[in-house]
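What follows is a short report on a single structure.
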Amino acid sequence: MADIITIEHLSRDYVVGPGKKVHALKDISISIRRGEYFGLLGPNGAGKTTLIRIITSLLAPTEGDVFLNGSRSSEYRQQIRKSIGVVFTGKRSHYGLLTANENLFFWASLYGLEKRVARPRIDSLLKEFGLSEVGDQRTETFSTGMLQRLNLARALLNEPEILILDEPTNGLDPEAARNIKAILASLRKRNLTVIYTTHNLGDADDLCDRVCIIDHGELIAIGTPSELKRRVGKEIVELTLEGNADQTKETMRADGWELTIGDHCERFRKEFVDFSYDELREIERRMPSISITNVERIHPTLEDVYIKITGKRGS
Amino acid sequence: MKQISIVASVFKMYLLQMIRSRGFFVRGLVFAPIWAISYYYSMKVFSPDSSVITSKILLGLILWIWLYDSVWDVSNCLSSEKKLERIDHIFLTERKTSWVLGMSFALTLFQLLNLAVVWIVISFLFGIVLSANPLVIVLLLILGIITISSLSMFAASLSFRMRSHVNSLSIILDILMLVCGVVYPVVLFNPALRYLSYTLPVTIMIEMAGMDNMSITSGFLIRLAICIIESLVLFGLALKSIDHAERKAMENDSLSRH
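Heads up: the sequence lines are chains P and E, in that order. Start counting the first sequence at 3; every next residue gets the next number (my numbering). Start counting the second sequence at 16; every next residue gets the next number (my numbering).
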């Protein structure tokens with residue numbers, strides 16, 4: 003896959019007082035591939051929103067460059083903005099006294115869409131996001147989940163190549179968050195490149211092809227979720243045994259298995275860096291009186307990766 | 016053509032919001048007459064016998080209220096768009112100038128309604144006939160709209176450059192009010208201040224309104240020509256300033272609340 007966005011040695015400083023600077027981003031270099039869902043993870047104040055604002059050309063970097071389709075964003079700002087759709091966290095892009103239709107028409111006109119182009123596109127987006135029935139209602143009556151779906155519709159009005167979502171499920175109830183997640187998954191058919199910042203590591207794990215973790219303005223990890231999980235290294239294997247005697251328990255403990263007592267059987271668990279089923283065959287060979295009735299492999303989650311790398315707990 | 020259609024669409028959207036917003040008209044219809052009435056009484060104290068001079072000053076005042084309130088309304092809208100963080104999305108559409116113009120036209124139209132109310136209040140309650148030539152009124156309205164649009168774009172530039180632009184705009188508008196002849200007659204100024212005053216199209220507009228009210232025709236056309244040129248120059252400078260302000264906003268992150 004070709005790169006659609008290339009970020010090269012990007013840094014951004016903020017002046018916070020006479021002679022005092024805060025380094026919001028430090029020498030970030032990332033390539034984002036066309037059509038991929040790219041997750042941007044990091045604790046509050048890590049620099050995610052600053053990075054998003056620079057990619058969208060709303061903020062100038064102190065050093066470094068962003069290239070979109072090979073064009074330097076500082077030189078081709080107008081073309082670049084046309085190919086981007088953005089949903090910022092908590093930001094209101096609707097006017098409460100206008101209906102959903104009127105809101106989308108307003109944004110369509112700002113994007114320079116003619117009425118004959120805008121009408122079918124708005125109808126189709128409202129339908130796709132389940133807002134057709136309320137298209138003529140004022141948005142001040144909408145729930146937060148409905149407003150977020152409207153935000154997504156607005157971001158897709160200009161048929162962007164890149165959709166940037168800054169914590170799109172923030173502040174939503176679980177049902178609304180699930181809806182948004184389902185919509186985002188369904189957007190894969192549009193062949194969009196999606197940049198997704200989130201604190202919800204489960205969402206990033208489910209949706210993103212690759213993720214990067216930023217902390218204190220520095221890029222500290224990048225890769226597919228499974229690559230990052232492999233970096234944590236360990237998976238937990240849990241065995242359920244039957245017919246074991248005291249001697250079996252001792253042998254298992256001696257091999258590093260930890261005993262956990264179940265309701266009707268006994269379970270052993272152990273952390274593995276590189277588990278192989280040969281390990282189980284060896285147990286059966288050494289202790290023929292027992293039988294392994296269940297094997298459960300518990301893989302590390304993206305949250306484990308995040309906690310290990312940043313030392314902070316995600317939501 | 017496309018720009019005009021975008022400006023028209025923004026204008027329509029703001030107008031719709033104003034019509035649907037409760038209390039918006041009440042605010043405009045109550046405050047402007049109160050200000051005009053108190054100003055009228057102040058002038059009566061200084062010039063109790065000259066109703067002609069008073070009505071000339073009042074005409075200038077009405078024009079000034081229109082301009083001042085329109086620019087303040089634009090400024091309040093800008094603050095609200097920044098506070099609600101819609102401004103980022105507007106910038107991303109690359110239509111910020113059309114957006115400011117459309118918003119400014121809608122608010123100018125609303126303030127024009129105030130102007131009409133002030134005119135009626137003064138004419139009926141105080142027995143002063145604020146007569147004016149319809150052609151002159153149309154000319155003043157067009158020039159006023161251009162000037163308000165320019166000042167709105169300057170207000171937008173300030174709001175893009177600064178996290179909070181309200182104090183700076185207040186100072187600029189207060190200085191304008193002091194030098195444009197609406198508070199103190201321009202003839203009282205020293206020559207340097209008088210020349211400065213005449214570089215403002217609003218000074219000439221106020222003077223032209225007064226001349227028309229007193230049926231003075233000598234020098235009217237030359238003032239009109241100067242006012243047109245000054246209005247267009249101001250508009251051009253405002254367009255430049257808004258683009259420059261965006262570059263500053265990108266450097267300073269002044270659009271963001273973070």
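For every residue, glycine included, the Cβ atom is placed at its ideal position computed from N, Cα and C. These figures come from a predicted structure and were not determined experimentally.
What residue range does the alpha helix (DSSP H) around residue i cover?
{"i": "V248(E)", "result": "235-267"}
{"i": "V194(E)", "result": "181-194"}
{"i": "H104(E)", "result": "102-107"}
{"i": "L154(E)", "result": "149-176"}
{"i": "G219(P)", "result": "First-last for G219(P): undefined, no H or E at that position."}
{"i": "E161(P)", "result": "It is not in any alpha helix (DSSP H) - E161(P) carries neither H nor E in the DSSP assignment."}
{"i": "T1(P)", "result": "Outside the shown range of chain P (3 to 317) lies residue 1(P), about which nothing can therefore be said."}
{"i": "L31(E)", "result": "17-35"}
{"i": "L106(P)", "result": "102-112"}
{"i": "V68(P)", "result": "Per DSSP, V68(P) belongs to no alpha helix (DSSP H); it is in the beta strand (DSSP E), 65-70."}
{"i": "E305(P)", "result": "304-312"}
{"i": "L282(P)", "result": "280-288"}
Please go through the same chain and pick out, in chain order, the residues whose beta-carbon is closer than 6 Å to the beta-carbon of residue i, but skip the five residues on each side of it.
{"i": "N296(P)", "result": "T242"}
{"i": "M254(P)", "result": "F270"}
{"i": "G117(E)", "result": "V22, V25, F26"}
{"i": "D258(E)", "result": "none"}
{"i": "I237(E)", "result": "none"}
{"i": "G66(P)", "result": "E10, H11, L12, S13"}
{"i": "D103(E)", "result": "none"}
How would you call residue i, buried or exposed, if buried means at least 16 neighbouring beta carbons within 10 angstroms?
{"i": "K22(P)", "result": "exposed"}
{"i": "T218(E)", "result": "buried"}
{"i": "A184(P)", "result": "exposed"}
{"i": "P227(P)", "result": "buried"}
{"i": "V25(E)", "result": "buried"}
{"i": "L122(E)", "result": "buried"}
{"i": "K50(P)", "result": "buried"}
{"i": "I157(E)", "result": "exposed"}
{"i": "Y279(P)", "result": "exposed"}
{"i": "V133(E)", "result": "buried"}
{"i": "D227(E)", "result": "buried"}
{"i": "S57(E)", "result": "exposed"}
{"i": "I54(P)", "result": "buried"}
{"i": "L11(E)", "result": "Coverage of chain E is limited to positions 16 through 273, which leaves residue 11(E) absent and any answer about it impossible."}
Would residue i and residue j be called neighbours here (beta carbons separated by less than 8 Å)?
{"i": "E286(P)", "j": "I238(P)", "result": "no"}
{"i": "L282(P)", "j": "I294(P)", "result": "yes"}
{"i": "F144(P)", "j": "I124(P)", "result": "no"}
{"i": "L133(P)", "j": "A155(P)", "result": "yes"}
{"i": "W87(E)", "j": "I221(E)", "result": "no"}
{"i": "A178(P)", "j": "Q139(P)", "result": "no"}
{"i": "I216(P)", "j": "I164(P)", "result": "no"}
{"i": "G322(P)", "j": "H25(P)", "result": "With chain P covering only 3 through 317, there is no way to say anything about residue 322(P)."}
{"i": "S53(E)", "j": "V89(E)", "result": "no"}
{"i": "N181(P)", "j": "G147(P)", "result": "yes"}
{"i": "F90(P)", "j": "E100(E)", "result": "yes"}
{"i": "L173(E)", "j": "H180(E)", "result": "yes"}
{"i": "M168(E)", "j": "A264(E)", "result": "no"}
{"i": "L70(P)", "j": "I56(P)", "result": "no"}
Between which residues of its own chain and residue i is the CB-CB distance below 7 Å, once the five residues before and five after are set aside?
{"i": "Y39(P)", "result": "V196, Y198, L209, C210, D211"}
{"i": "S317(P)", "result": "Confidence at S317(P) is low in this model, with a pLDDT of 46, below 50, so its placement is unreliable and the value that follows should be read with caution. Closer than 7 Å at the Cβ level, and outside the excluded window around S317(P), lie H201, N202."}
{"i": "S95(P)", "result": "N153, R156"}
{"i": "V197(E)", "result": "G75, L76, W79, I221"}
{"i": "E284(P)", "result": "none"}
{"i": "N148(E)", "result": "D227"}
What residue range does the beta strand (DSSP E) around residue i cover?
{"i": "R271(P)", "result": "268-274"}
{"i": "V197(E)", "result": "Per DSSP, V197(E) belongs to no beta strand (DSSP E) and is neither H nor E."}
{"i": "K28(P)", "result": "22-35"}
{"i": "N181(P)", "result": "Note, N181(P): premise wrong, no beta strand (DSSP E); alpha helix (DSSP H) at 176-188."}
{"i": "L115(P)", "result": "Note, L115(P): premise wrong, no beta strand (DSSP E); not H, not E."}
Leaving out five residues before and five after residue i in sequence, what residues of the same chain have Cβ atoms less than 8 Å from its Cβ?
{"i": "I105(E)", "result": "E96, K111, W114"}
{"i": "W81(E)", "result": "T123, Q126, L127, N129, L130, G159, I163"}
{"i": "S212(E)", "result": "V194, C195, G196, V201, F204, T218"}
{"i": "A206(P)", "result": "G41, L43, Y198, T200, V213, P227, L304"}
{"i": "T232(E)", "result": "M226"}
{"i": "Y29(E)", "result": "C92, G117, M118, A121, L122"}
Just to confirm, does residue i get its C-beta within under 7 Å of one of the non-hydrogen atoms of the ligand GDP?
{"i": "Y213(E)", "result": "Judged by which ligands are present, the structure shown has none, so any question about the ligand GDP falls away."}
Could you list the residues in the region 78-109 of chain E with a C-beta less than 9 Å from some C-beta on chain P, going in chain order? Under the 9 Å Cβ criterion, the region 78-109 of chain E contributes L99, E100, R101, D103, H104, I105, F106, L107, T108, E109.
Residues of the region 220-252 of chain E whose Cβ lies closer than 7 Å to any Cβ of chain P, in chain order: Residues: none.
Which residues of the region 11-30 of chain P have a Cβ closer than 8 Å to any Cβ of chain E? Give them in chain order. If you check each beta-carbon in the region 11-30 of chain P against every beta-carbon of chain E, the ones closer than 8 Å belong to Y16.
Which residues, taken in chain order from the region 192-219 of chain P, show a beta carbon closer than 9 Å to some beta carbon of chain E? Taking 9 Å as the Cβ-Cβ cut-off against chain E, none of the residues of the region 192-219 of chain P qualify.
Between the region 283-300 of chain P and chain E, which residues of the former have CB atoms less than 7 Å from a CB of the latter, in chain order? For chain E, none of the residues of the region 283-300 of chain P brings a beta carbon within less than 7 Å of one of its beta carbons.
What are the residues of the region 77-95 of chain P that lie near chain E, defined by any Cβ-Cβ distance shorter than 9 Å? Closer than 9 Å at the C-beta level to chain E, one finds these residues of the region 77-95 of chain P: R79, Q80, R83, K84, I86, G87, V88, F90, G92, K93, R94, S95.
Taking a cut of 8 Å between CB atoms, which residues from the region 164-176 of chain E lie near chain P? If the cut-off is 8 Å between Cβ atoms, the region 164-176 of chain E has nothing near chain P.
Short-range partners of chain P found in the region 116-149 of chain E, where Cβ spacing is below 8 Å: Answer in chain order: no residues at all.
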